[in-house]
Amino acid sequence: MRAAWGAAAAWAAASCLGAAGLATELRRELAANAYTPLKLGTTAPEGWMKAQLGAESAGLVGQKAMGDEDKVDASAWLGGKGTNDLAEPFVYWLNGAWPLAVLLEDQALASAIDGYLEYILDRADENDGWLGPLVDGNPWSTFRFVTAMTTYIDAKPNARVCSALFRFASRLLHHLEVHPLKESLWAYVRWQELLEGYHYLLENESSKCSGAHVTSAQRNTVWKLLEEAARTGFQWPKWFESTSQNPFTSARPRGWFPDNTDDSFTICRDSWLPHVDRQWTHGVNVGHGLMIWALMYRQTGNKTWLERGDAFWKRIMKLHGQATGALSADECLSGRTPERGTETCTVVELMNSAATMFMASGKTEYMDRVEALAYNALPGAFFNGTMWTLNYFQQVNKIDAMDGAPRCESGTTYCFGMVYECCITNHAQGWVRFAARQFMTTPTGKLALLHYFASTTRSAVHLAGGTHIKHLMVDTNYPFSEIIRVKVSDASQGFGLELRIPQWCHEASVRVGNATALRAPPGAMFTVNLEAGDSEVLLSLPMRVRVERRDPYQLHPPPAPPLNTMTANVWHGPLMYAIPRGYVRDSRRNRIEIPGLLPEGQVHSWDHYLLGVGEWRHALIIDDESRPDESFKFIDRARSLSPAPDGQGPFAEALVPSALRARVVALTPEAWDIKANDVGGPNGKARTCLRGTSSIDDYLTGWAGIPPQSPVPSKFFAAKPITVTLLPYGATNLRVAEFPTTTSPSGDHIASRW
């Protein structure tokens, strides 16, 4: 295996010989984005989204909690000892905490951040312009700081921040001339973040940097820095488009994609030195690197970059995509089977990269993916609807949540806990960037509504062409309902309002005022032309149950055939549904439990080990796949539920307002068994957990094996059919969401099910 990785390292080193190719394509001007978000803070979330951001404020982000009882105030960025030698937790936190403060008008949090920035900028003055604690060291965390500062000045223009960013560009350029990016592992594969941040700065300097007195020489230095980064950074396009590198030609050939998480963790860990290594298969790096196509388009003006990006996004999702819209990457890329993990950092980086691709290209498929991630994978990472404890890795089929003490899994974290500083801080950007990008404008003077949740504007909206809109309001409970109302007040002149119609919705309609409703085709932006003054638009996105069959799993390298089990995912609108599994909670470690934390009456910042109990091997009964509404019944639970407590969002089993009922049949272990975990032993060796605080001794942990072939024959039925309740994936802690299917046994007819 090391020989295989050695060959890959040699390939990557050789790829750097052609690195000048990217830099020579770059221009010193930017092509316009197709869509640009409104200024941060223009809109304010309402309804369930406000509650969700309230949960983020009450949780790890708002409480400035960072892992092992380490606070933001202890970061090396602020003069503390920090948490690791990358100094990344603080900048990850800042990248989400500032937008959170703006969206919720949290003056205390905003003032704290202002104080942090004063300290950081003072230290930069002392260090000849270097931003951050690792002076003349690994610069990667400062790349994320630059990105975070673009959101800061977006809401609060600041000459001193702008001056510091331009000054740092000169300092970093000189540093890279002596210490190339490949000397700094993470900086080498994350160089594109410099383009992301500095593109914004160059494009918005006139409106965000008044008083900074930026010179043409300083601007040219920024362009030179971006060219140097493109020349010496890892060549993502060449790697992505390779026809010989296994991650992008087949899903899981031996020697590349391990058969269990222990191997996956060891492969990544042991290969992080020397500098040219397996980092290009690391899921978070790939998730972030997927924005390269949009960034290169912007600085070249060549639209073929966007076409190449479209092709590669489809390619990698076919090989490594999970049903939630995320990539499987339990550290490294790991194929498409539903027991493989997805790191929470990968989820939020994919959301940002897909949104970046949409803004450059205008293709709604990217925002459909952002929506799928936001309403499924993102909440699915958190325990019980709070934002106090989260998965390092989530799974589509997750039948327990173990790791640490009792040590049952294999060196990685499938429990709900606070282990690695990256995910417990980087998750901060997920909801807030999603919320901040609800509305965007176009260069032609249109206003686009991309994400559907309740909101209202705090200030007027100004469009190209001179249109001013005094007030906007979105009224909806989407994704838990299908009606969206948009109220426009006091528009100075007529304008076009674009509405994103999801690809899954084939019966969408739009009505303006009392006019006749118009059908809106799926997978596109639909424009309604509004007159000056007040308008009301009603968008209907009818939701139907749909069963989506997964593409075949590639379990072994070609020419071995893929395994086509015809497993199914169940969707209703943008939400994927799962059967939740019961559990006994074993909380071994408390991190930051102090009085007054929200939600009241719940534990906070604990490591939760969930020992699964009850049957999980179910086949869905589907008699006519062309009419899935006959096999599932939608349940609107909104009126029967109590309001969510402060500090908790709607994605919890007891709070989520929608559900499905279905008929299932339990299967025997011979049909679908646990894939046992092992620690240092042969694959398949059963492991039992040490007793924690639970009542279960010697708990046998494992993953759900690959679902059996559908339709499952009756000889594998373990009991008579029963009715079960499916909940939205993001509201479950343990779950099965990728199912085998079967047809009704004799005597179990559709008409008698409900």
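Residues -23 to -1, 1 to 731 (mature numbering (1 follows the signal peptide of the UniProt record, and there is no 0)) make up the sequence shown, in order. C-beta: ideal position from N, C-alpha, C; glycine also.
Judged by beta-carbon spacing, L367 lies within the 8 Å limit of T321, meaning their Cβ atoms are closer than that value.
In this structure, DSSP gives P576 a state outside helix and strand, which the three-state scheme calls coil. Non-local C-beta neighbours of L86 in its own chain, meaning closer than 6 Å and more than five positions away in sequence, comprise A78, ordered along the chain. The alpha-carbon of N10 is positioned some 10 Å away from that of L272. The bridge partners DSSP lists for H595 are A643. In the three-state reduction of the DSSP assignment, Q371 falls in the strand class. With distances taken between CA atoms, R121 lies nearest to R167 out of R167, W107, I130, A132. Listed in chain order, the non-local C-beta contacts of A35 below 6 Å within the same chain comprise L575, G624, local neighbours out to five positions each way being set aside. Of T314, L507, E204, the smallest CA-CA separation from Q276 is found for E204. Assigned with DSSP and collapsed to three states, S184 falls in helix. The DSSP-derived three-state label of R712 is strand. In the displayed model, E205 falls within a helix according to three-state DSSP.
For S721, the closest C-alpha among the options Q686, D601, A164, P705 is that of D601.
The C-alpha of A303 lies about 10 Å from the C-alpha of I293.
Counting only runs that start and end inside the stretch 14 to 101, the beta strand (DSSP E) elements of at least 3 residues fall at 20 to 22.
An exposed status is given to E154, since fewer than 16 other beta-carbon atoms sit within 10 Å of its beta-carbon.
In the structure shown, Y560 falls within a strand segment according to DSSP collapsed to helix, strand and coil.
Contact between V641 and I683 is ruled out by a C-beta separation of about 18 Å, above the 8 Å threshold. Counted as a single uninterrupted DSSP element, the beta strand (DSSP E) harbouring G473 occupies residues 472 to 478. In this structure, the beta-carbon distance from L424 to I461 does not fall below 8 Å. Taking a contact as a CB-CB distance under 8 Å, the pair W408 and E23 does not count as one, their CB atoms being some 14 Å apart. Residues of the same chain with a CB within less than 8 Å of the CB of Y560, apart from the 5 flanking positions on each side, are D377, A378, L587, L588, G589, V590, N710, L711 in chain order. For the pair R208 and A(-1), the CB atoms are nearer than the 8 Å cut-off. Three or more beta-carbon pairs separated by less than 8 Å are not found between the stretch 311 to 319 and the stretch 64 to 83, which leaves the two stretches without contact. Between the stretch 457 to 476 and the stretch 499 to 513 there are three or more inter-stretch CB-CB distances shorter than 8 Å, so the stretches are counted as touching. In the three-state reduction of the DSSP assignment, P539 falls in the coil class, being assigned neither a helical nor a strand state. When beta bridges are read from the DSSP output, G407 appears opposite no residue. Boundaries of the beta strand (DSSP E) around D584: 583 to 590. If you look at D131, you'll find it in the alpha helix (DSSP H) that goes 117 to 132. Taking all protein chains in view, the Cβ of E326 is crowded by 16 or more other Cβ atoms within 10 Å, so the residue is classified as buried. Note on Q480: under 16 other CB atoms within 10 angstroms of its CB, so exposed under the neighbour-count rule. The Cβ atoms of I612 and R594 lie no closer than 8 Å to each other. If you draw a straight line from the Cα of S436 to the Cα of L178, it is about 23 Å long. The three-state reading of DSSP puts C309 in strand, counting E and B together. Look at the beta carbons and you see the stretch 520 to 529 not touching the stretch 334 to 350: under three pairs across the two are nearer than 8 Å. As DSSP reads the structure, H549 sits in a beta bridge with V522, L552.
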